[in-house]
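One structure below.
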Amino acid sequence: MPLIKDGKLADDPWQVADDGTAAPLIVSLEAWQANEGGIRQRNTPIGIRLASDQSPALIAEDIERFEVIALEFPKFNDGRAYSYARLLRERHGYKGELRAVGNVLRDQFLFMHRCGFDAFEVADTGAAAVWEEALREISVWYQPTADRRKPATTLRRKPHPRRPAAGTSSGPGDPPSVACAGHWAY
Amino acid sequence: MYRYDEFDHGFVRQRVAQFRGQVARRLDGALTEDEFKPLRLMNGLYLQLHAYMLRVAIPYGTLSARQMRRLADIARRYDKGFGHFTTRQNIQYNWIRLEDAPDILADLADVEMHAIQTSGNCIRNVTADQFAGVAADEIEDPRVYAEIIRQWSTLHPEFSFLPRKFKIAITGAPRDRAAVRAHDIGLRMHWNADGEAGFEIMVGGGLGRTPVIGKTIRAFLPKQDLLSYLEAILRVYNQLGRRDNIHKARIKILVNQVGAETFADMVEAEWREIRGGALDLPADEIARIESYFAPPDYERLDAASPAFEAQRRSDPAFAQWVRSNVVAHKRPGYAIANISLKPAGGVPGDASAEQMEVVADLAERYGFGEIRVAHEQNLVLPDVRLSDLHALWQELRTAGLATANIGLLTDIIACPGLDYCNLANARSIPIAQRIGQRFDDLARLHDIGRLTLNISGCINACAHHHVGNIGILGVNKKGVEYYQVTLGGNADENAALGDLVGPAFSGEEIADAVETIVDTYLEQRDRGEQFLDTYRRVGLQPFKEKLYAAH
Ligand code: SF4
């Protein structure tokens, strides 16, 4: 599956099946919990994939171990992973790659990006072509989340000069950051 | 009232452009109907039996005269000259072409309106007491908080794909005119022991096929914590609400399943993690929004108006209208005037473009240009001088808008039913019309007194039939429309679900059945009782006996 990372098509070095090599490997929660093939002892890069009914609270102790956490969207309208993503970024302080997998559609990129996803497995490369456009469609937001976009409620309180709405957010390609949610006023 | 600033304007314009692009992708075939459906629903566009229906949000039921004129204009240009006001303080247009939808949204954006989140599994248009800001019994104007919630919930990145739709209602008064216990979250203002105003938080109310009265999970929440607490509730629900069965996906099912206490514990635990953080509402932000809702320039008037008293004595029809349609205002010399959209034999909640324009003019001439939409599908002029009421009433009469039946039997709440809705089992509108014609005698209606009657065309209960004093539900028996009747429901601060009387009635029998219920009540009632008092005293039995005596 094509992968969009930091706004561009990217190579995906991650494997999902253990072929015995030292390649970076994404495992399921079940495999991780059962320590299948001694994966917990491996010192090659490890990622984990969580189904939409698997809360990241289940891996809270091990978060430091993962370089990728992939959250599944089994259907476009199963929105649990939006909460999981914010919890991972804002509560658990996860700084690695947060990957959206499954039914990942163009019209959801913005929501996902705002919740802290920075990598997206998409059905075809066409999605990468419209990425920039999809993220530019809306630039005014009313909620503080763990990305760098400042909500209207914060921008309104800024001293002059007020900038027009279209240019108010930070650029759409900015990577999510985990540090700034705390000091945003409402 | 609230005015958009540059951010809000920028936002709705971007949203229109985005939807224009999506419609274009649909029309040129790049999007299938399946792919397009969730996108159009996020902009209030439904595909109904005969055409697209557009549902436009009227946040907390407040409209300016200018906005009302624009709604009239849209009715005329893009619909068949009508709009339909709904039980959630929205307006629906039933005859919309897909190609026109982006232009309509652009027309709405010009007057600071939109159709965002009027459908879909997201936080819907926040509703409030239609007398907010002018009610004599109010603690604070709930629209301030409704607007704060509107902004916070708009395109919320985390909560736009919830298990199911999510409705929030808010009242600032002890008398609940917003049916807050019939919502996923109900908010009601209270004073605490220190004299500070805050919110009682109710969750898990809702009607539909599993009607539940909302339960209080927190008796008092300080105002500054409102958004963090709401976010905590939504976050718990978004993770744990059922997604495997559409009929079990509302928050009420989750609350019932884990129990209200456990649910409250989960919310409090989440809230402890986020309170005092980025969602904290500072006093100056509340004050900023409050300033938009500052009272208009009221004149200093005497509490009584001799001219008004004289008109009331000399003109019985006017007196009757005042009795049912006029409500006390918090300022001396002013009154709240309700405009009934329920003429005898009419379609409940429908208004023609001309009527909308008349109401807009009257709001400017007899008020401060503000109009309210009530969840009972009526309109309200909130600031009328007592001395102007008679002149206002005469003008309303000319426009066919002076029906003196607010709160009375023919002030029927009805959903669109089988005439428009593709989920319906039975028609609602013709039943409402039939009952309206049967009771087309104002003296009799006023004698019957306060009585709410709600008609839903299917179990989805859009007309809230469970909480009508008389509730009528359309069912389908072997392809024939039948109507189940419940009695004793109530939507106010003493919310209760009605009791089923027995086997359903056919469309031909239903008006007779309502008449039998009313006659039984009149026989049984004691001095000073309203329908609900009598019903609570005598119970279902006498009604049952009369209704099924012939069978
Ligand atoms: S109650 Fe049923 S018939 Fe009536 S509008 Fe709702 S879904 Fe349609």
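Chains as they are written, first to last, in the working numbering: chain A, 2 to 187; chain B, 2 to 552. Backbone N, C-alpha and C define an ideal beta-carbon position, used for all residues, glycine too.
Is D142 (chain B) buried or exposed, if buried means 16 or more other CB atoms sit within 10 Å of its CB?
-> Taking a 10 Å sphere around the C-beta of D142 (chain B), we find 16 or more other C-beta atoms and assign the residue as buried.
At least three beta-carbon pairs within less than 8 Å, the stretch 426-438 of chain B to the stretch 405-414 of chain B = yes
Pull up the DSSP beta-bridge partners for W192 (chain B), would you.
-> For W192 (chain B), DSSP records a beta bridge to B:A198.
N-terminal and C-terminal residue of the alpha helix (DSSP H) that A35 (chain A) is part of | 30-35
Under 8 Å between C-beta atoms, does G127 (chain A) make it to chain B?
-> no
Report yes or no: is there a C-beta of chain A within less than 8 Å of the C-beta of E197 (chain B)?
-> It does not: the Cβ of E197 (chain B) has no partner Cβ on chain A nearer than 8 Å.
Is G418 (chain B) near the ligand SF4, going by C-beta to nearest heavy atom under 7 Å?
-> yes
Show which residues of chain A have a CB atom less than 7 Å away from the CB atom of T155 (chain B).
-> Y143
Between G458 (chain B) and the ligand SF4, is the CB less than 7 Å from at least one heavy atom?
-> yes
Of all Cβ atoms in chain A, is any one closer than 8 Å to the Cβ of S161 (chain B)?
-> yes
Could you give the uninterrupted runs of the alpha helix (DSSP H) lying entirely in the stretch 214-288 of chain B, keeping only those of 4 residues or more?
-> 227-241, 252-259, 261-275
Per-residue DSSP class, three states only, for Y522 (chain B) | helix
Length of the line joining the Cα atoms of M203 (chain B) and T211 (chain B) | 17 Å
At a Cβ threshold of 8 Å, is P103 (chain B) touching chain A?
-> P103 (chain B) does not count as touching chain A.
Using a C-beta cutoff of 8 Å, does E148 (chain B) count as contacting chain A?
-> No, E148 (chain B) does not count as interfacial toward chain A.
Same chain, Cβ closer than 7 Å to L89 (chain A), neighbours up to 5 away in sequence not counted = P57, I70, Y95, L99, G117
Compute the distance between the beta-carbons of I149 (chain B) and L228 (chain B), then report whether it is under 8 Å.
-> yes
Could you pull out every residue in the same chain whose Cβ sits closer than 6 Å to the Cβ of N257 (chain B), ignoring the five residues on either side in sequence?
-> Counting only Cβ-Cβ distances below 6 Å, and skipping sequence neighbours, we find nothing.
Reducing DSSP to helix, strand and coil, say where Y483 (chain B) ends up.
-> strand
Under three-state DSSP, which class holds I432 (chain B)?
-> The answer is helix: DSSP assigns I432 (chain B) an H, G or I state.
Would you say F132 (chain B) and R178 (chain B) are within 8 Å of each other, going by their C-beta atoms?
-> Yes, the pair counts as a contact, with Cβ atoms nearer than the cut-off.
So which residues of chain B does F77 (chain A) contact, with C-beta pairs closer than 8 Å?
-> P39, F162
Beta-carbon proximity of Q485 (chain B) to L474 (chain B), cut-off 8 Å = yes
With 8 Å set as the bound, which would you pick, yes or no: does the beta-carbon of R90 (chain A) sit closer than that to a beta-carbon of chain B?
-> The beta-carbon of R90 (chain A) is placed no less than 8 Å from the nearest beta-carbon of chain B.
Compare the C-alpha of W15 (chain A) against each of A:P46, A:W142, A:M113, A:A147 and name the closest.
-> A:P46
For Y299 (chain B), the first and last residue of its enclosing alpha helix (DSSP H) | Segment: none, Y299 (chain B) is in no alpha helix (DSSP H) and carries neither H nor E.
Of the choices B:T521, B:A320, B:E530, whose alpha-carbon is the least far from that of K545 (chain B)?
-> B:T521
Looking only at C-alpha atoms, which of B:I407, B:W322, B:A336 sits nearest to V328 (chain B)?
-> The candidate whose alpha carbon is nearest that of V328 (chain B) is B:A336.
With respect to 7 Å, is the separation between the Cβ of S429 (chain B) and the closest non-hydrogen atom of the ligand SF4 below this value?
-> yes
What span of residues does the beta strand (DSSP E) with R125 (chain B) cover, start to end?
-> Run containing R125 (chain B): none; DSSP gives neither H nor E here.
Would you report the Cα separation of Q525 (chain B) and P504 (chain B), rounded to the nearest angstrom?
-> 23 Å
Contacts of P297 (chain B) in chain A (Cβ-Cβ under 7 Å) = By Cβ distance, chain A contributes nothing, its closest Cβ being about 24 Å from P297 (chain B), past 7 Å.
Tell me, to the nearest whole angstrom, how far the beta carbon of N78 (chain A) is from that of F162 (chain B); I am working on the premise that it is less than 8 Å.
-> N78 (chain A) to F162 (chain B), Cβ: 5 Å. Contact.
Chain-ordered residues of the stretch 110-132 of chain B with a beta carbon less than 8 Å from chain A = Listed by position, the residues of the stretch 110-132 of chain B near chain A (Cβ gap below 8 Å) are N122.
Using three-state DSSP, classify S507 (chain B) as helix, strand or coil.
-> strand
Out of B:V112, B:A107, B:A110, B:R77, point me to the one whose CA is closest to N95 (chain B)'s CA.
-> Looking at the Cα atoms, B:R77 is the closest of the given residues.
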